[in-house]
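Numbering (our numbering), first residue to last: 87 to 352. We put the beta carbon where it would ideally sit given N, CA and C, even for glycine. All values derive from a computational prediction rather than experimental measurement.
So this is what it looks like as structure tokens:
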């Protein structure tokens with residue numbers, strides 16, 4: 087304790103230092119929570135690959151709410167880099183790929199949002215499109231030894247808060263029932279389908295009977311009336327009860343008798 091007290095008396099400026107450090111100013115560079123990058127060839131395929139990389143990274147960081155705006159911004163930045171330094175044609179020649187430029191895409195996760203960086207070898211400031219400036223909270227660029235770096239910060243969307251400090255839910259109107267009108271029935275098509283099914287499953291000699299039975303399903307079945315097809319247009323119908331003709335005789339089976347003589351039995 088004596089050594090510590092002597093050291094403090096020899097350095098009086100330590101006594102005036104606050105115990106808790108002062109908060110950082112807004113101009114101080116924020117500390118990133120995570121950084122990922124991807125190097126791409128400056129061709130027409132770089133745009134789609136970069137967007138897939140962004141979508142996967144935001145899902146891993148649980149920042150899916152920035153996906154829609156981030157895809158638009160990154161699409162614009164990579165497209166400019168490919169147009170200025172690479173080969174934007176979908177089917178380039180082999181001679182155009184001899185000195186192929188590279189593009190580096192970097193994503194930085196901050197407490198306040200996500201920073202999207204695109205580095206290329208172009209040496210001029212970028213042209214800011216409305217799609218970038220309207221969706222980002224901050225944007226800028228700076229020169230490097232081999233080109234430039236263009237960056238934009240995606241801020242999370244703002245929500246209207248309730249009195250408890252929670253995001254207020256936006257109620258959406260449910261879509262009302264919108265039944266579709268019934269389509270007209272094609273009778274000719276149904277007839278062809280029916281004939282095709284009959285050709286597959288009904289024998290040729292039984293097709294006429296099947297059509298007549300389908301055309302006249304309701305028949306008079308009262309006994310003593312003879313034919314019950316007076317209401318049928320074809321004049322044929324299902325016979326009434328008792329008009330089926332003589333019943334077939336029972337089948338006769340022959341079994342051998344004990345003495346070897348066959349005996350008929352019913």
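*Within the same chain, show all residues whose beta-carbon is closer than 6 Å to that of residue 184, passing over the 5 residues directly before and after it, in chain order.*
Contacts found: none.
*Go ahead and pull the three-state DSSP assignment for residue 130.*
The answer is coil: DSSP assigns residue 130 none of H, G, I, E or B.
*Considering only C-alpha positions, which residue in the set 194, 192, 237 is nearest to residue 211?*
Selected option, being the one with the closest Cα: 237.
*Beta-carbon proximity list for residue 173, same chain, < 8 Å, skipping 5 on both sides*: Excluding sequence positions up to five before and after residue 173, its CB lies within less than 8 Å of the CB of 128, 129, 130, 182, 183, 186, all in the same chain and listed in chain order.
*So, is residue 164 buried or exposed, given that buried needs 16 or more other C-beta atoms within 10 angstroms?*
With 16 or more other Cβ atoms within 10 Å, it is buried.
_Residue span of the alpha helix (DSSP H) that contains residue 164, given as start and end_ = Residues 153 to 171.
_Just to confirm my understanding: we take residue 121, look at its own chain, exclude 5 residues before and 5 after, and list those with CB closer than 6 Å. What are they?_
Cβ within range, chain order: 194.
*Which first and last residues belong to the alpha helix (DSSP H) in which residue 273 is found?*
Run containing residue 273: 273 to 287, per the alpha helix (DSSP H) assignment.
*Give the DSSP-derived three-state secondary structure of residue 143 in the structure shown.*
Looking at residue 143 - three-state DSSP - the assignment turns out to be helix.
*How would you call residue 204, buried or exposed, if buried means at least 16 neighbouring beta carbons within 10 angstroms?*
Classified as buried, residue 204 has 16 or more neighbouring CB atoms from the shown chains inside 10 Å of its CB.
_residue 244, DSSP secondary structure in three states_ = Judged by DSSP in its simplified three-state form, residue 244 adopts coil rather than helix or strand.
*Report the rounded CA-to-CA distance for residue 221 versus residue 178, giving the unit in angstroms.*
Straight through space, the alpha carbons of residue 178 and residue 221 are spaced by roughly 33 Å.
*Just to confirm, are residue 215 and residue 162 a CB contact at a threshold of 8 Å?*
Less than 8 Å separates the beta-carbon of residue 215 from that of residue 162.
*Just how far apart, CA to CA, sit residue 136 and residue 191?*
Spanning the alpha carbons of residue 136 and residue 191 requires a straight line of approximately 7 Å.
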